[in-house]
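Protein chains in written order, with the UniProt record's numbering: chain A, 1 to 1007; chain B, 1 to 216.
The beta-carbon is built from N, C-alpha and C at its ideal position, and this holds for glycine as well.
And the structure:
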């Protein structure tokens, strides 16, 4: 804080530390969490206070664009005029009239501050709000789609009683669902508590689920419609080795204690405690044992013996030495249940299946250690065996009779999966009248349904329930355009070669033209997701969604219909972690616009086994893995180079945990070194609360070298936690450099692309929680602004864009969620008119700040982005009730005044209301609930008005939004017929009148 | 739906048992209530589509066939209770559980948290109506068409063109017009005449002016 950014440029390794002393000053200022009034200086560093225009009362900003709201909502003067041109002189005239009508009262209004006018004004804006983000009923499914997922199977069972044989599943995402056996569609679905997991599932008369922990919910669900039948809850001890079992109307819970096994029994429907017993089990003392529940029998194994006892009568454990089965394991074997009657004992190399009888376990079959085994319920007495054959990418299914232990040949079949192969396990199987079926769960989170004997009838890609990062990519141009591109794109080609290429491309053009004229070629868009249809369209609305999941799988999805185009397996790939949350940096190294070079994407993660960095480069349109490189170091931070090389490749610069610098792909190192002088990197250690900036200026001609330029250490507090570090979208463009005030002067925005928002939370004795927000320049390390909220805590969601910052937090005192909004201005003059530089910029921005009550909690939020940044910004917010809200940024504008003056009104700022509305027509997913949203991705389309939005979480939802209405596109309900009829009528009328006039003139002449 | 179903307090056995297992922890409570479907809602899936979100999904409640629900494992404190249904709107509430296990439900007022509007507990909630996600498309009406600026701009000039000449043909109006013309004629003397009269004889200009009048 003592040195300005300009000074820091000279003394490059100054360590900026925010000492606690300073921080106590921060705490000393007014509370940020208490926001009933506007213009409070909550949280301003004293130095900034003087320069802040907050509360000066004279801040007069005016935005030209708001004038044109009447007909072209908030799209800036440029597009306003465009509309006039588009509409022709007639509409232009009308628009002009509308404009004068709209601005007429405004100009006179400085002296009429009557209340009625105020209300009218508010209504005017509210109406505009509802209009902007609305859908019509006939537009359902036109611009949007939703896909529902449930996650990876944890438990599955067939509902054999009802006629449909539906599949009941409980997943790792804590979702219960019933799937249709023919199609795999979700019949019903119940999304349980967010961060808990299903511990047990039992299918009897009802579907009983045991979920949660340490407080456990026992719930029963109707199998046909998914309605809750009954529920109760209990508290239990947390133990990884705890087991649950349901038998004869009782729920058993088995917890191993030191030297004992505690068995608690509950009445299944009422939850009445039937008491618990402790069974002496001295062999559990060392922990070298494994237990499994087979029906109502608990079976345990140590290195030497089996122990078993019935849960119902609870006698002492019976013992059988393993040696009596000719087993002499070197280590403790692993037990796993095989249906209701059998279990398997897994040793290195082989596994043995035991049938549990009254007299103890009986060995019936031997299988390979990797085979997945499952006995079908009821009296079919068949056990299925699934073996993975990675060499031939196939699954081998066979059946074993439980009575004899002999394989039943008629059920054996081989399932060939090809490139989609992933190791699978059996999760449910059923046999009714010699017809068998099984549900497989893949390591890549797929759910497959197999008819035995037969083939896989359907597969659900449940990996899409765990998307971590996404990117929306332009489709390539058509082959024809590509040929023209390549004509000019290639560097070395002789005159003859050029002529030949020109001729061939022209022949191709003629051919295509002829074909279209003769109607031989179908229009590309109408066919399915074939290669031919994946061509860039005129408006740039058709794109490819690339999604990387935590299941080690990446997908390419057509954004118009949501079809999966390609999928790639990344078997050793695991996401990186920042704190607890998984991240996969996904970069577009080369876009699709550079034919003949192939487009290229790269993802960074870590090797599942070694934990070292793993980089995968792939082609994003066809889904081809081009290279998968073990990096040999752990990734600390990664950044994309700002400028491409000669082959239009923008490589990555990777910082490892030893602070060494690497380039990826290695070829782009030369390009990185070329740009090194102006390259800076920012990284954080959230656990330590340390932030640091690096410069690459000291790189040699051979090597990239990172030098630490600044470091910022958050003050140590109790339970300090860095809850958010958010930079700006690097592809963002800001069209308007300032805001026009009512007096026609311009307030210039402080647009610093290097600005990073850091939010940390500490516990405090008097305030419970304190949230601190710092705006840090990532290049110079200067703290541009900071704010403190007392009695406020996470969850925090941050949106950082242009010259503003909006974040949500929970106000402990008032027990409500609030949105804090900040806006930064340079002032009335600009420090640098050409390009922003963090090094030379010493301007302390003026900060406007305000907070708003938000009547719901926020799961996640994101800003809309458009190609040129002309369109106004909206916030897309995911709410916990499954709604996706589109809130205009104007509503959280920190300049909303409490006292409406004529000047502010001129500027188009809405008067302050403490509570923000959630109007139902601003909910863009209407009644299609989107569960457990984890992220929102926004991308520009080819149209300036339109932004593409992908919401991902458990479900997947895609829509395109037009924050300032579709001003560059004819409306959906544009009446072509009426326009044509009017034009035709005018033409006819003019002809008729011409004739009439001629006749009249002739008659006159005869007179 | 109309008959009020008496809500049976969930047997306290569950709590006491929970307390028994975990000695050190504070006691946990169960919030209960019942939701009534909106009128005209006949589908049997509304219970499944409805979820009770306490503190924005921290705790969940699910509906039974009859619309009743419980949210369990709540320590004493203050909670927001929201009913999430994709089609119908229900009012959010605040439920407070005192340390002694007394329940109080009130309307959720974010703006003035101290204002208490009590709601009966156990909760009985009715939908406030269907959520309107969609804008109504404008219907095509003849009046809208006629009064649209485009049509007006076509019709008005047409009127001017067609009606004004007709009016001119009317003999009475013709007279009036002529009178008007005469009136205006005398008001402004021609500048050229004035200038000419200054430099020439008195008789000539008068004849000229008469001649010009005749021409008109």
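Is residue 715 of chain A closer than 9 Å to residue 675 of chain A when the C-beta atoms are compared?
-> Position 675 of the first chain, counted from the start, is the residue given in the question as residue 675 of chain A. Position 715 of the first chain, counted from the start, is the residue given in the question as residue 715 of chain A. Not a contact, by the Cβ cut-off of 9 Å.
Give the secondary structure of residue 722 of chain A by DSSP, where H, G and I count as helix, E and B as strand, and everything else as coil.
-> Here residue 722 of chain A corresponds to residue number 722 of the first chain, with the count starting at 1. Residue state, collapsed to three classes: strand.
Which partner residues does residue 255 of chain A have in the DSSP bridge list?
-> Along the first chain, one-based indexing puts residue 255 of chain A at 255. The partner list for residue 255 of chain A (beta bridge, DSSP) reads A/262.
Listing by chain order, which chain B residues have their CB less than 9 Å from the CB of residue 225 of chain A?
-> For this step, residue 225 of chain A is matched to residue 225 along the first chain. In chain order: 44, 45, 47, 48, 65.
Take the Cβ of residue 968 of chain A as the centre, count every other Cβ of all protein chains shown within 10 Å, and call the residue buried at 16 or more, exposed below.
-> Numbered from 1 along the first chain, position 968 holds the residue referred to as residue 968 of chain A. When all chains shown are included, residue 968 of chain A counts as buried.
Return helix, strand or coil for residue 903 of chain A, following the three-state DSSP convention.
-> Sequence index remark: in the first chain, residue 903 of chain A carries index 903 (1-based). Correct three-state label for residue 903 of chain A: helix.
Quickly, what does DSSP pair residue 183 of chain A with across the bridge? List them, please.
-> Taking the first residue of the first chain as 1, we reach residue 183 of chain A at position 183. The partner list for residue 183 of chain A (beta bridge, DSSP) is empty, contrary to what the question assumes.
Could you tell me how far apart the beta carbons of residue 64 of chain B and residue 227 of chain A are, in whole angstroms, since I believe they sit closer than 8 Å?
-> For the purposes of this step, residue 64 of chain B is identified with residue 64 of the second chain, where counting begins at 1. For the purposes of this step, residue 227 of chain A is identified with residue 227 of the first chain, where counting begins at 1. Contact holds; Cβ gap of about 6 Å.
For residue 509 of chain A and residue 602 of chain A, the rounded distance between their alpha carbons | Counting from one through the first chain, the residue named residue 602 of chain A turns up at place 602. Counting from one through the first chain, the residue named residue 509 of chain A turns up at place 509. Taking the straight line from one Cα to the other gives about 35 Å.
Quick one: grab the DSSP three-state call for residue 173 of chain A.
-> Residue 173 of chain A sits at position 173 when you count from the first residue of the first chain. Note: residue 173 of chain A maps to coil in three-state DSSP.
In chain order, what residues of the same chain have a beta carbon less than 8 Å from the beta carbon of residue 69 of chain B, not counting five sequence neighbours either side?
-> Taking the first residue of the second chain as position 1, residue 69 of chain B is located at position 69. 32, 33, 34, 35, 52, 61, 62, 63, listed in sequence order.
Helix or strand or just coil, what does DSSP make of residue 335 of chain A?
-> The count along the first chain starts at 1 and reaches residue 335 of chain A at position 335. In this structure, residue 335 of chain A counts as strand in the three-state DSSP scheme.
Under 9 Å, do residue 933 of chain A and residue 916 of chain A count as touching if we go by C-beta distance?
-> Position 933 of the first chain, counted from the first residue, corresponds to residue 933 of chain A. Position 916 of the first chain, counted from the first residue, corresponds to residue 916 of chain A. No, the Cβ-Cβ distance between residue 933 of chain A and residue 916 of chain A is not below 9 Å.
CB of residue 274 of chain A within 9 Å of CB of residue 221 of chain A, strictly | Within the first chain, numbered from 1, the residue matching residue 274 of chain A stands at position 274. Within the first chain, numbered from 1, the residue matching residue 221 of chain A stands at position 221. The answer is no: Cβ separation not under 9 Å.
Is residue 577 of chain A helix, strand or coil when you go by DSSP?
-> Against the first chain, residue 577 of chain A aligns to sequence position 577. In this structure, residue 577 of chain A counts as strand in the three-state DSSP scheme.
Pick from A/739, A/173, A/792, A/874 that is closest to residue 763 of chain A, judged by C-alpha positions = Locating residue 763 of chain A in the first chain gives position 763, counting from the first residue. For residue 763 of chain A, the nearest C-alpha among the options comes from A/792.
Within the region 896-984 of chain A, note down every full beta strand (DSSP E) run reaching 3 residues or more, in order along the chain.
-> 933-940, 947-953, 956-961
Inter-residue Cα distance where the pair is residue 749 of chain A and residue 495 of chain A | The sequence position of residue 749 of chain A within the first chain is 749, counting from 1. The sequence position of residue 495 of chain A within the first chain is 495, counting from 1. Cα to Cα, the separation comes out at about 52 Å.
Euclidean distance between Cα positions of residue 299 of chain A and residue 325 of chain A | For the purposes of this step, residue 299 of chain A is taken as residue 299 along the first chain, with counting starting at 1. For the purposes of this step, residue 325 of chain A is taken as residue 325 along the first chain, with counting starting at 1. Approximately 16 Å, taken between the alpha carbons.
Per DSSP, which residues does residue 135 of chain B bridge with? Please list them.
-> Within the second chain, numbered from 1, the residue matching residue 135 of chain B stands at position 135. Answer is A/136, bridged to residue 135 of chain B.
Of the listed residues A/359, A/744, A/342, nearest to residue 353 of chain A (C-alpha basis) = By one-based count along the first chain, residue 353 of chain A stands at place 353. That would be A/342, whose Cα lies nearest to the Cα of residue 353 of chain A.
To which residues does DSSP link residue 155 of chain A through a beta bridge?
-> Translated into the one-based positions of the first chain, residue 155 of chain A becomes position 155. According to DSSP, residue 155 of chain A bridges with A/170.
Beta bridge counterpart(s) of residue 804 of chain A as assigned by DSSP = As a position in the first chain, residue 804 of chain A is number 804, starting the count at 1. Beta-bridge pairing links residue 804 of chain A to A/801, A/823.
Option in A/587, A/785, A/988 with minimal Cα separation from residue 665 of chain A = To locate residue 665 of chain A, count along the first chain from 1; it is residue 665. Residue 665 of chain A has its Cα closest to that of A/587, out of A/587, A/785, A/988.
Considering only residues of the region 388-430 of chain A, which uninterrupted beta strand (DSSP E) runs meet the minimum length of 3 residues and lie entirely inside it, listed in chain order?
-> 394-401, 407-416
Would you call the region 645-653 of chain A and the region 617-624 of chain A in contact, with 3 or more CB pairs under 8 Å?
-> no
Flag residue 125 of chain B as yes if its beta-carbon sits less than 9 Å from any beta-carbon of chain A, otherwise no.
-> The residue you call residue 125 of chain B lines up with position 125 of the second chain. Not closer than 9 Å to any Cβ of chain A, the Cβ of residue 125 of chain B fails to qualify, so no.
Is the region 560-577 of chain A touching the region 987-998 of chain A in the sense that three or more CB pairs, one from each, lie closer than 8 Å?
-> no
Name the residues in the region 866-893 of chain A whose C-beta lies less than 7 Å from a C-beta of chain B; which are they?
-> 880, 881, 882
Tell me whether residue 163 of chain B is buried or exposed, calling it buried when 16 or more other Cβ atoms sit within 10 Å of its Cβ.
-> Taking the first residue of the second chain as position 1, residue 163 of chain B is located at position 163. Per the 10 Å Cβ criterion, exposed.
Would you decide whether residue 56 of chain B is buried or exposed? Buried here means 16 or more other CB atoms lie within 10 Å of its CB.
-> Taking the first residue of the second chain as 1, we reach residue 56 of chain B at position 56. Counting Cβ neighbours within 10 Å, residue 56 of chain B comes out buried, since at least 16 surround it.
So what's residue 272 of chain A in DSSP terms, helix, strand or just coil?
-> Locating residue 272 of chain A in the first chain gives position 272, counting from the first residue. DSSP places residue 272 of chain A in coil when its eight states are reduced to three.
Consult DSSP for residue 498 of chain A and reduce its assignment to one of helix, strand or coil.
-> Numbered from its first residue, the first chain carries residue 498 of chain A at position 498. Residue state, collapsed to three classes: helix.
Under the three-state DSSP convention, the category residue 657 of chain A falls into | The residue you call residue 657 of chain A lines up with position 657 of the first chain. Three-state result, residue 657 of chain A: coil.
Listed by chain order, chain A residues near residue 62 of chain B by CB distance under 9 Å | For this step, residue 62 of chain B is matched to residue 62 along the second chain. Within 9 Å Cβ-Cβ: 190, 192, 219, 221, 227, 228, 231.
Check each candidate in A/784, A/953, A/361 and name the one with the smallest Cα separation from residue 468 of chain A.
-> By 1-based counting over the first chain, the position of residue 468 of chain A is 468. Looking at the Cα atoms, A/953 is the closest of the given residues.
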